[in-house]
Amino acid sequence: MASIGGPEVLIIIVVFFVLFGARRLPELANALGRSKGEFQKGLQEATSLPREAQTIADLEAGGMTPDVALVERAKALGLDPSGMSPEDLQRKVDALEQAEE
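Here you go:
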């Protein structure tokens, strides 16, 4: 796919001048800039919603991430979590919790 070069941009500008006139061109550019800004603002809001939902979930969990909650569960069971991967720790905590039941 070829990119737009200098001559093509010049032709596009001339076509805009012919179609819209010199007075309306700044208005159109301003409206286009505002539209782009509104689009980016909406896009940012749409992408920030999952983070807000995650923050609410963290607050409902006492502000702990899942890994921190796992470490707290391990400590409550008398298990030292230092040096363990989260997967190993999860397996051991699950096994200890099942053994207690």
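The number in the numbering used here is simply the position in the sequence shown, starting from 1, with 1341 added.
For every residue, glycine included, the Cβ atom is placed at its ideal position computed from N, Cα and C.
In this text, all values refer to a predicted model and were calculated from it rather than measured experimentally.
Have a look at residue i and residue j and give me their C-alpha separation to the nearest angstrom.
| i | j | result |
| --- | --- | --- |
| F1361 | A1387 | 34 Å |
| R1296 | I1345 | Any answer about residue 1296 is impossible in this case: the structure gives the chain only from 1342 up to 1442. |
| Q1428 | A1440 | At residue 1428 the sequence reads Glu, which differs from the Gln that was named. If you take the alpha carbons of E1428 and A1440, they lie about 18 Å apart. |
Can you tell me whether residue i is helix, strand or coil according to DSSP?
| i | result |
| --- | --- |
| T1406 | coil |
| S1376 | helix |
| E1428 | helix |
| G1419 | coil |
Taking a contact to mean a Cβ-Cβ separation below 8 Å, would you say residue i touches residue j in this structure?
| i | j | result |
| --- | --- | --- |
| L1430 | L1411 | yes |
| K1416 | P1422 | yes |
Tell me, to the nearest whole angstrom, how far the beta carbon of residue i is from that of residue j; I am working on the premise that it is less than 8 Å.
| i | j | result |
| --- | --- | --- |
| L1366 | F1358 | 7 Å |
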